[in-house]
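**Student:**
Numbering (the UniProt record's numbering), first residue to last: 1 to 309.
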């Protein structure tokens, strides 16, 4: 019997297309992928099952995180501390007044004084003049008739008067000393020092005015200032800085348990930041702004960026 040869019938139903698809055409329609994109689904699936690729991925991620942390620390170090200040002479004098231990011997005549501040609105020259005047008033009167005068009695009276004056002088100095005052007295003295240092009734004498604006506009003349300047932004910034230093020293001594004062410190820092931004915008970074930042020893973090304590 002859073998059968199978062939397609020419009378097969017409499907609407005269093109006959070859069996090899399937390979040409779906070409093989020779490269895989790094972030594609195939790459992620391959990485899950390849321990070497997983180790490389973890190593790259750790390097990126380490670099980000290093850059963040460098930026924070460049900005500085938003709370603390540099140890400028003005800051050191404020800390000497606020710290009771450093003001115990401030009125001693032998060792010198770390600060010239006294309590009860008394200045050192006024105190010295008042003591000299009281010494002259209480000095013993000499006998006008020198023939009947007793030199020994006059010498004893002069020595007794000198000893009494020394006792009175020591008592007065202890009374007006800040080491015997409370925290309110020390804060009041610090505020007076800030007003005398940064008040415009004094700084206008040696600081030049701010740069002129590009567009000149006519403004009415300001009313002349009467008395010391207590409301300027630089004076308020100096007072806030003194309070911030006092609170930060208290929190470093007590610890982080005092949440009430920690919140007060946060409020004072943000209030000072607002005033610093306003003063920089108003003065256009002029001499008054530079004098304030250099005298108080403030970092850029005190006014720039977001402050989180």
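For each residue, glycine too, the CB sits at the ideal point set by N, CA and C.
1) Given this structure, state the Cα-to-Cα distance separating residue 226 from residue 121, to the nearest angstrom.
2) Work out the CA separation of residue 295 and residue 271 for me, nearest whole Å.
3) Using the C-alpha atoms, what's the distance from residue 242 back to residue 83?
4) In whole angstroms, give me the CA-to-CA distance for residue 148 and residue 155.
5) Looking at the ligand SAM, does it come within less than 7 Å of residue 123, judged from the CB to the closest heavy atom?
6) From what residue to what residue does the alpha helix (DSSP H) around residue 190 run?
7) Is it true that the CB of residue 250 sits closer than 8 Å to the CB of residue 261?
8) Below 8 Å CB to CB, which residues in the same chain sit around residue 199 once its five sequence neighbours on both sides are set aside?
9) With distance defined between alpha-carbon atoms, name the residue in 40, 79 and 94 nearest to residue 246.
10) Return the chain-ordered list of same chain residues with a C-beta closer than 6 Å to the C-beta of residue 297, the five sequence neighbours on each side being excluded.
11) What's the gap between the Cα of residue 206 and the Cα of residue 291?
12) CB-CB under 7 Å to residue 308, same chain, minus the five flanking residues each way: which ones, in chain order?
13) Does DSSP put residue 295 in a helix, a strand or coil?
14) Using CA coordinates, which residue listed in 194, 158, 278 and 71 is at the minimum distance from residue 321?
15) Does DSSP put residue 136 in a helix, in a strand, or in coil?
16) My guess is that residue 130 and residue 178 are in contact by the Cβ rule of under 8 Å, so how many angstroms apart are they, rounded?
17) Give the list of continuous alpha helix (DSSP H) stretches no shorter than 4 residues that lie fully inside the stretch 227-279.
18) Secondary structure at residue 284, three-state DSSP: helix, strand or coil?
19) Quick test of the definition: if touching needs 3 or more C-beta pairs under 8 Å, does the stretch 155-171 touch the stretch 134-142?
20) Taking only the alpha-carbon atoms, compute the straight-line gap between residue 103 and residue 159 and give it to the nearest angstrom.
21) Rounding to the nearest angstrom, what Cα-Cα distance links residue 211 and residue 289 in this structure?
22) Taking the beta carbon of residue 181 as the centre, do at least 16 other beta carbons fall within 10 Å, making it buried, or is it exposed?
23) Excluding the five sequence neighbours on either side, which residues of its own chain have a C-beta within less than 7 Å of the C-beta of residue 186, listed in chain order?
24) Thinking just about the alpha-carbon of each residue, which of 124, 173 and 169 is nearest to the one in residue 134?
25) Roughly how far, in whole angstroms, is the beta-carbon of residue 276 from the beta-carbon of residue 302, given that I think they are within contact range, below 8 Å?
26) Residue 76 to residue 256, Cα distance in whole Å?
27) Drop a sphere of 10 angstroms on the beta-carbon of residue 197, count the other beta-carbons inside from all chains shown, and report buried for 16 or more, exposed for fewer.
**Tutor:** In brief:
1) Our two residues, residue 226 and residue 121, have alpha carbons roughly 20 Å apart in a direct line.
2) 19 Å
3) 11 Å
4) 15 Å
5) Within the structure as shown, the ligand SAM is missing, as the structure has no ligands at all.
6) 183-198
7) yes
8) 228, 229, 230, 232 and 235
9) Among 40, 79 and 94, the Cα nearest to that of residue 246 is on 94.
10) 85, 86, 88 and 91
11) One C-alpha to the other measures close to 11 Å.
12) none
13) helix
14) Residue 321 cannot be examined here, being either before or after the span of the chain that is shown, 1 to 309.
15) helix
16) Approximately 18 Å separates the beta-carbon atoms of residue 130 and residue 178; this is outside 8 Å, ruling out the contact.
17) The stretch 227-279 contains these whole alpha helix (DSSP H) runs: 233-254.
18) coil
19) yes
20) In this predicted model, residue 103 has a pLDDT of only 45, less than 50, meaning its place in the structure is not dependable enough to derive any value.
21) 12 Å
22) buried
23) 97, 98 and 178
24) 169
25) 6 Å
26) Straight-line measurement puts the Cα of residue 256 at about 22 Å from the Cα of residue 76.
27) buried
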